[in-house]
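Asks: Attaching a single structure in structure tokens format; questions to follow.
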Amino acid sequence: MTECIFCKIVNKEIPSEIVYENDQVVAFKDINPVAPVHILIVPKVHVKSIMELDTSSNILNGVAEAIQKIAKDQNIACEGFRVVNNCGTLAGQSVDHLHFHLLGGRAMQWPPG
Ligand code: 5GP
Ligand code: ZN
Numbered sequence: 016m017t018e019c020i021f022c023k024i025v026n027k028e029i030p031s032e033i034v035y036e037n038d039q040v041v042a043f044k045d046i047n048p049v050a051p052v053h054i055l056i057v058p059k060v061h062v063k064s065i066m067e068l069d070t071s072s073n074i075l076n077g078v079a080e081a082i083q084k085i086a087k088d089q090n091i092a093c094e095g096f097r098v099v100n101n102c103g104t105l106a107g108q109s110v111d112h113l114h115f116h117l118l119g120g121r122a123m124q125w126p127p128g
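Whatever position you read off the sequence shown (first residue = 1), add 15 for my numbering.
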């Protein structure tokens, strides 16, 4: 049995607030949001990080479809939003299952800290 928290969410073994799902990804609300809209988009298969992603897979297509649908649903498509992937230690990746943060609903700073 997997110990990966995001695999457990994907498999509905632990609860989460799922907002969108397609063949490639599940998207759910971050448990510790840092913006009014903070959604995590996660592949259904376990991939540790973007460095391990099979580039012949269509996972990123599923991610892009999720971003477009969720941004419209959450009414942040027009005003703008940010998509973040933290990869590895220096970037602060804390869950070793590939995920993209979709952040919106407030002004963002650049560069990030
Ligand atoms: P990272 O720092 O790896 O880029 O982001 C991991 C994110 O996962 C964090 O924003 C954290 O709040 C979120 N997270 C960690 N555990 C859980 C959980 O059990 N449920 C949900 N919904 N989010 C989680
Ligand atoms: Zn996993």
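C-beta: ideal position from N, C-alpha, C; glycine also.
Could you pull the DSSP bridge partners for residue 53 from this structure?
Replies: Within the sequence shown, the letter at position 38 stands for residue 53. Partner(s): 118.
Asks: If you check the beta carbons only, do residue 62 and residue 115 fall under 8 Å apart?
Replies: As a first step, residue 62 is located in the sequence shown; it is residue number 47 there, counting from the start. As a first step, residue 115 is located in the sequence shown; it is residue number 100 there, counting from the start. Contact: no.
Asks: Report the three-state DSSP secondary structure of residue 18 (helix, strand or coil).
Replies: Indexing the sequence shown from 1 puts residue 18 at position 3. Three-state result, residue 18: coil.
Asks: Below 7 Å CB to CB, which residues in the same chain sit around residue 123 once its five sequence neighbours on both sides are set aside?
Replies: Within the sequence shown, the letter at position 108 stands for residue 123. Same-chain partners within the cutoff: 97.
Asks: Please classify residue 99: is it buried, with 16 or more other beta-carbons within 10 angstroms of its beta-carbon, or exposed?
Replies: As a first step, residue 99 is located in the sequence shown; it is residue number 84 there, counting from the start. The residue is exposed, with fewer than 16 neighbouring Cβ atoms inside 10 Å.
Asks: Three-state secondary structure (DSSP) at residue 67?
Replies: Within the sequence shown, the letter at position 52 stands for residue 67. Three-state result, residue 67: helix.
Asks: Report the option in 125, 126 and 121 whose CA atom is closest to the CA atom of residue 49.
Replies: Counted from its first residue, the sequence shown places residue 49 at position 34. Taking only the C-alpha atoms, the option nearest residue 49 is 121.
Asks: Do residue 82 and residue 65 have their CB atoms nearer than 8 Å?
Replies: The count along the sequence shown starts at 1 and reaches residue 82 at position 67. The count along the sequence shown starts at 1 and reaches residue 65 at position 50. Against a cut-off of 8 Å, the Cβ pair of residue 65 and residue 82 comes out as no contact.
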